[in-house]
Structures are given as C-alpha cells and as structure tokens.
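**Q** Chains as they are written, first to last, in our numbering: chain A, 21 to 222; chain B, 21 to 222.
Take this structure, written in structure tokens, and hold onto it; I'll ask about it next.
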DNA sequence: CCGGTAGGTTACCTGTAGTAAGTTACCGCC
DNA sequence: GGCGGTAACTTACTACAGGTAACCTACCGG
C-alpha cells in the first residue's frame, strides 16, 4: 500500500496478454452500456488506467477495438451453444438445448451479448467477423444435415440464417419483456421452427 | 441551358417539402452505399447542392437525418407488405404473400432496405422508430390472431419478432447469394414457419 | 418600390480519432 | 551493482467532422 495516500492509483505495468484482456473487459462494458458511437477512446483509456496510444497499439483503431470485443464475445457464445447441442440426445432435444443455451448466455452475459448487436456499425469491413459467423451457421447446418437429411445444401443454409436472425430478435424482445423466461423463449422458437404454424391453424 | 457553360449548376431555391424529399433521397443513397459512419454531413450537403446548416435545420442532427431516412423506408416497406397480406386469400397464402412482398421490396428498393440495417447505430434513442416497428409487428400479430386462434398474446408477439428477425437475416443472406430467387426465400421461410422441421425429420 | 420572411450562406467552435516523438521501468548480463 | 536494450508507456500534437451563431438574399404582398 505504498501509494494509498494518493487518490490516483499508480499505473501498473502489465504483460501484453493481461493488458489486452483488461482492455477488452473495459471496452465490452462501456460499449454495451453506452453504445459504440457515444464512447470515446479517451474514456476507455482512462478507465483502463492507461493512455490513448496504448489502445491504438493494441487494436489499431476504434473499429478494431470493437471488432476484437465482438469477436471474443461471439467466440464465447459459439462455444456455449456448440457444447449444449453436442451434449443433447435426440434431434428435437438438440434444437431445444441450442436455443436454451443461446438465451441463457444472453441473460447471464448481457454485456457481451449487447456488444454483438453493435456489429452493423462495422459495415462490410468485418472480414474477421464473417469467419466467426460462418462458424456459427456451420454448426447449425451440420446439425441440420442429420436432423433433416436429404435437403439441398442451400435450404439448410437458409434455415440456419433464419434461426440465427430469429434468435437475435427474440432475445432483444425478451429484454423488453423481462417476465418471459428463457424456457418460454426457447419454447416459442420450437413452436415455429420445429412444429410450424400449420398444425395450429384451423 | 443558361448555365451549361459553368461546371457548377446554379443552386436552386425550393419549397420545404421538395427539399426534404431531395435530402432524404440523397441520404438514402449515400447511407446505403457507404454506411452511416463513413458519410460526412458535408458530403451529403454538397450532393444535395446546399450548405451544411440546411441539413441541420431540417433534421437537427446527423442521427436525426438517419432516423428520418429509416422512418420513410420502413413506412414504404410496411405499406407494401400490408397490402400484399390484405389481398391474399387463405391463411397460408397470406403468410406466403407477405414474405414474397418483403423480399420483392428488398430486391427492388435495395437502397431503402439497406438503410434499415443501419438502425442499430441509433442505440436506444429510436423512439420514433419504435412506433413504426410496433406497427410492423402489429400487422403480423393481427394476422396471426385469425391464423392460429387461441394462442396467448405473448406467444403471438414472440412469433412476430421471430418472423421479422428471420426475414431480415434471410434477406441479407440473399444478397450474398444472388442466384436465390425471391420465391426461394419465401419458400424457405414457409418451410420453417408454416410446416416446421418435425415433419421432415426421420 | 419597399419591407418582411422563407430559404440560404460563411465562418467559426468543439471534441474526438489518430499519430510522432520522446520517456520510464524492468531484465539479463558483464 | 551498474549498464545497455527493449517493452511498455506518455505527452503533445494534427486533422477532420459534427454542430452553431451570425449574417445574407431572393421573392412576394401591399
């Protein structure tokens, strides 16, 4: 506690890896809270306890920082859902478990998930993101192949996109309706994507 | 052709309504092409043939301009789909026609539709947008009420969100796969939302 | 022909992304 | 133990875009 008498804590030197994690943590928090546009690099730097050029050394640009933050979050989400699907039994259960895992992540790591929504600000420049996204849809597609065999590849791709988009919007809707449980959301997804509307209609 | 010898055309005075339309046209084009962040107000002003403060008088801020552009586009999209649904016959046909109209709009008015994707940059500040969105989901919900009677309101809301999100992503996917026709896309949506996956699985 | 106003401009301020050049703490080595 | 070398870091700037205050001018009714 040599520096406890000062208000400002002494700036600590760190290894690259630790610094990077710390920067991403701060960026995730602050991007989620205020949105990409409203945050200045200066503010992030101050919160990290470091000066602005450090951020540029690590991430090249503000977009680069957002990109890295999104990439990390998407990776975590991908891991969680992939595991859930792998551990489930029947085809129906795999689908339901995947949905559940998605909405659970969205609830437990709200900040990480909110950052994913900032993706469109990157425009078409998101090469690195495209890879992680494809990995995401590929998981769904590979599951589909055994789930509904014989469908053309194109159809499976379309289904994957539909499911991803639907989950995203439904998660957003759930934020506005907090009394909807994770199980409810997964159930609603099953209603449409598993059973379809036809059996319900007169 | 009095001014044909000059490179710059003479700046024309206009009525408010005409100017506003013109500004929105330019904004739509340029936001769709380059993305919100990469466009400067100066550039838009020049393309309109007017000075920057005019844009601020009409729309208050850059976000305000984006908001107005999105609102107009969403209005057009809403009209088109609502009409298509109203004119269709059976429940199944209403759903299919709605999808068709959506993807047709997405194809014919690509620029307007691309602007809609920029919405997330507005963060939570999109009060005015929220109204148009609700109008959109309300259309779906009201159709659903007669389509699948007896479901709780909450479920219908969820279905509407799912459909909106799914259409959005599928339209994006279609842009990357131009050989997928409008009918294909609508068909894929029907596969999941009308028939569901269950009848297809072993 | 003249004054009021809608429609318009010039010239500026502020704040933030991004950078060049210099500085400090730490670590291996003689 | 002191002395490079280098990795981690800072200060002090530039450039540019969003936003605004103050001023201008074409047109129209009386």
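For glycine and all other residues, C-beta sits at the position ideal for the given N, C-alpha and C.
Predicted model only: the values in this text are computed from it and were never measured.
(1) Which word fits residue 43 (chain A), buried or exposed, when buried means at least 16 other C-beta atoms lie within 10 angstroms of its C-beta?
(2) Assuming contact is defined by CB atoms lying nearer than 7 Å, are residue 65 (chain A) and residue 75 (chain A) in contact in what I supplied?
(3) Return the chain-ordered list of same chain residues with a C-beta closer than 8 Å to the C-beta of residue 71 (chain B), the five sequence neighbours on each side being excluded.
(4) With 7 Å as the threshold, decide whether the Cβ of residue 218 (chain A) is near any Cβ in chain B.
(5) DSSP three-state call for residue 55 (chain A): helix, strand or coil?
(6) Assign residue 195 (chain B) to buried or exposed, taking buried as 16 or more other Cβ atoms, counted over all protein chains shown, within 10 Å of its Cβ.
(7) Name the chain B residues that come within less than 8 Å of residue 188 (chain A), Cβ to Cβ?
(8) I need the straight-line Cα distance from residue 227 (chain A) to residue 216 (chain A), nearest angstrom please.
(9) Name, please, each residue of chain B whose Cβ falls closer than 7 Å to the Cβ of residue 215 (chain A).
(10) Measuring alpha carbon to alpha carbon, tell me which residue in B:98, B:138, B:143 and B:45 is nearest residue 124 (chain B).
(11) So which of B:37, B:106 and B:150 has the shortest CA-CA distance to residue 79 (chain B)?
(12) Using the beta-carbon of each residue, which ones in chain A are nearer than 8 Å to residue 138 (chain B)?
(13) Going by alpha carbons, who is nearest to residue 31 (chain A) out of A:190, A:211, A:204 and A:69?
(14) Pop quiz: residue 138 (chain B) and residue 140 (chain A) are said to be a contact at Cβ under 8 Å. What is the actual Cβ separation, rounded to whole angstroms?
(15) Helix, strand or coil for residue 98 (chain B), going by three-state DSSP, please let me know.
(16) Shortest alpha-carbon distance to residue 142 (chain A) belongs to which of A:165, A:86, A:218 and A:133?
(17) First and last residue of the alpha helix (DSSP H) that includes residue 166 (chain A)?
(18) Give me the subset of the region 92-125 of chain A whose CB atoms are less than 9 Å from a CB atom of chain B, sorted by chain position.
(19) Does chain A have any CB closer than 7 Å to the CB of residue 75 (chain B)?
(20) Using a Cβ-Cβ cut-off of 7 Å, state whether residue 212 (chain B) counts as contacting chain A.
(21) Residues in the region 28-44 of chain A with C-beta within 8 Å of chain B's C-beta atoms, listed in sequence order?
(22) Give a yes or no on whether 7 Å exceeds the smallest Cβ distance from residue 50 (chain A) to chain B.
(23) Here's a check: name, in chain order, each residue in its chain whose Cβ is nearer than 7 Å to the Cβ of residue 148 (chain B), leaving out the five neighbours to either side.
(24) Nearest-angstrom Cα distance between residue 176 (chain A) and residue 60 (chain B)?
(25) Using C-beta distances below 6 Å, list every residue in its chain close to residue 191 (chain A), excluding the 5 sequence neighbours before and after it, in chain order.
(26) Any contact of the region 164-172 of chain A with the region 166-174 of chain B, i.e. 3+ C-beta pairs under 8 Å?
(27) Express the C-alpha separation of residue 209 (chain B) and residue 193 (chain B) in angstroms, rounding to a whole number.
(28) Take the Cβ of residue 109 (chain A) as the centre, count every other Cβ of all protein chains shown within 10 Å, and call the residue buried at 16 or more, exposed below.
(29) Kindly indicate if chain B contains any beta-carbon less than 7 Å away from that of residue 168 (chain A).
(30) What separation, rounded to the nearest whole angstrom, lies between the Cα atoms of residue 134 (chain A) and residue 52 (chain A)?
(31) Give me the Cα-Cα distance between residue 136 (chain A) and residue 100 (chain B), rounded to the nearest whole angstrom.
(32) Between which two residues does the alpha helix (DSSP H) holding residue 208 (chain B) run?
(33) Do residue 160 (chain B) and residue 186 (chain B) have their C-beta atoms within less than 7 Å of each other?
**A** With the given structure in hand:
(1) Counting Cβ neighbours within 10 Å, residue 43 (chain A) comes out buried, since at least 16 surround it.
(2) A contact, by the Cβ cut-off of 7 Å.
(3) Excluding sequence neighbours, residue 71 (chain B) sits near 65.
(4) For residue 218 (chain A), the closest Cβ of chain B is nearer than 7 Å.
(5) It is coil, neither helix nor strand.
(6) Its Cβ having fewer than 16 others within 10 Å, residue 195 (chain B) is exposed.
(7) Ordered by position in chain B, the residues that pass the 8 Å Cβ test against residue 188 (chain A) are 185 and 189.
(8) Residue 227 (chain A) lies beyond the stretch modelled for chain A, which goes from 21 to 222, so this question has no answer here.
(9) Chain-ordered, the chain B residues with CB closer than 7 Å to the CB of residue 215 (chain A) read 216 and 218.
(10) Of the candidates B:98, B:138, B:143 and B:45, the one whose C-alpha sits nearest the C-alpha of residue 124 (chain B) is B:98.
(11) Nearest of B:37, B:106 and B:150 to residue 79 (chain B), Cα basis: B:37.
(12) Near residue 138 (chain B) (Cβ distances below 8 Å), the residues of chain A are 140.
(13) Per the C-alpha coordinates, the member of A:190, A:211, A:204 and A:69 positioned closest to residue 31 (chain A) is A:69.
(14) Right, the Cβ-Cβ distance comes to about 7 Å (below 8 Å), so this counts as a contact.
(15) Here residue 98 (chain B) carries a helix assignment [DSSP, helix/strand/coil].
(16) Measuring from the Cα of residue 142 (chain A), the nearest candidate turns out to be A:86.
(17) 147-167 is the extent of the alpha helix (DSSP H) around residue 166 (chain A).
(18) For the region 92-125 of chain A, which is checked against every Cβ of chain B, the residues closer than 9 Å are 111, 112 and 115.
(19) Not flagged as an interface residue toward chain A: residue 75 (chain B), since no C-beta distance is shorter than 7 Å.
(20) Yes, its Cβ sits closer than 7 Å to a Cβ of chain A.
(21) So the list is empty, because no residue satisfies the distance condition.
(22) Under the 7 Å criterion on CB atoms, residue 50 (chain A) is classed as non-interfacial with respect to chain B.
(23) Cβ neighbours of residue 148 (chain B) beyond the five flanking positions: 87 and 91.
(24) Just so you know, the alpha carbons of residue 176 (chain A) and residue 60 (chain B) end up roughly 40 Å apart.
(25) In chain order, 126 place their CB closer than 6 Å to the CB of residue 191 (chain A), counting only its own chain and leaving out the 5 sequence neighbours on each side.
(26) These segments do not touch.
(27) Taking C-alpha positions only, residue 193 (chain B) is separated from residue 209 (chain B) by approximately 13 Å.
(28) Exposed, by the Cβ-count rule.
(29) So yes, residue 168 (chain A) belongs to the interface.
(30) Distance between the alpha carbons of residue 134 (chain A) and residue 52 (chain A): 5 Å.
(31) Each residue's alpha carbon lies about 31 Å from the other.
(32) For residue 208 (chain B), the enclosing alpha helix (DSSP H) has its first and last residue at 202-210.
(33) Between residue 160 (chain B) and residue 186 (chain B), the gap from beta carbon to beta carbon reaches 7 Å or more.
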